[in-house]
Amino acid sequence: MNSSTTASPRYHHANQGGRDATHLEFVPTKIGASRQRRAINAHSAAGSGQPTLILAGMHGDEPKSVHLAMRFIELITQERPAGGVVIVPIVNPDGYALRKRRNDAGVDINRNFPTANWESAPRRFRYYPGPRPASEPETRAIIAMIESLKPARIVTIHSINRRRHCNNYDGPAKQIARAMSRKNEYPVRASIGYACSKASANEHTTP
Ligand SMILES: [Zn+2]
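This note's numbering puts the first residue of the sequence shown at 961, with every later residue one more than the last.
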């Protein structure tokens, strides 16, 4: 832990992240609620630049992504990141409560973002994208946060099986995906064969 915490820390809202360089405590802030009214929380630590946004628990049956995000919160609190970091460890709390992939309406949140490649017809039911883009409160909470936070990059942590692990990137994130590969040794992929959210990189956490 840092030692400069004698004064009461200047907490800031997740939506204002990245501006207060003196404050490195992680403060959970409710940024929205699920269909079943479970809170969706963002843990933010301000830094000197545009923050990095880390999302996990988008799929409720990938608890390792949540555990990794929680561990990351602990580590970053101790290590003092240079830039701001905002972590949403459980994007889909209803799914997570039941260890189910999709949310309470059976929507795959990862396919519900209004991306250019949004598809109304899922290849398989488990990928059901919802009746329209951003139809789900979980998706809208993340979109609202992205719009106000304007993160420099977004990293989404998933867990995936059957040797499909990779650092999947979208947009100008190839360098980040490559840098991650030097650490986690996962292959870098621009596409994993289907539309998904505008995440920059996915990280495999299942052995
Ligand atoms: Zn996933």
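Cβ atoms here follow ideal geometry from the backbone N, Cα and C, with glycine treated the same way. The model shown is predicted, which means the values in this text are computed figures rather than measured ones.
Q | Terminal residues of the alpha helix (DSSP H) in which G1055 lies | A | 1053-1058
(Q) Just checking E1098 against ligand 1 - is the residue's beta carbon closer than 6 Å to any of the ligand's heavy atoms? (A) With a cutoff of 6 Å, E1098 does not count as near ligand 1, since its C-beta is closer than that to no heavy atom of the ligand.
Q: State the DSSP-derived secondary structure class of R1062, mapped to helix, strand or coil.
A: coil
Q) What is the DSSP secondary structure of T1075, counted as helix, strand or coil? A) Coil.
Q: With a cut-off of 8 Å on the beta carbons, I'd call I1047 and H1003 a contact; round off their distance for me.
A: 5 Å
Q: Answer with buried or exposed for L1035, where buried requires no fewer than 16 other C-beta atoms within 10 angstroms of its C-beta.
A: exposed
Q.
Within a Cβ cutoff of 6 Å, which residues of the same chain sit near I1106, ignoring the five residues on either side of it in sequence?
A. none
**Q.** Collapsed DSSP secondary structure at V1067 in the structure displayed
**A.** coil
Q. What's the gap between the Cα of M1030 and the Cα of D1068?
A. 22 Å
Q. Taking buried to mean at least 16 other C-beta atoms within 10 Å of its own C-beta, is P1074 buried or exposed?
A. Classification of P1074: exposed, given that the 10 Å Cβ count is below 16.
Q: Tell me whether K990 sits in a helix, a strand or coil according to DSSP, three-state version.
A: In the three-state DSSP reduction, K990 falls in the strand class (E or B).
Q) What does V1115 pair with, by DSSP beta-bridge criteria? A) V1115 pairs with I1014.
Q: Compare the beta carbon distance of R998 and P1082 with 7 Å and say whether it is the shorter of the two.
A: no
(Q) Quick check on G1055: buried or exposed, where buried means 16 or more other Cβ atoms within 10 Å of its Cβ? (A) buried
Q) Considering only C-alpha positions, which residue in the set P1089, R1084, G1066, F1085 is nearest to N1077? A) P1089
(Q) Our contact map puts L1028 next to I1114 with C-beta atoms below 8 Å; I'd like the distance itself, whole angstroms only. (A) So it is not a contact: roughly 16 Å between Cβ atoms.
Q: Could you tell me which residues DSSP pairs with A1002 in its beta bridges?
A: T989
**Q.** As assigned by DSSP and simplified to three states, the class of I1050
**A.** coil
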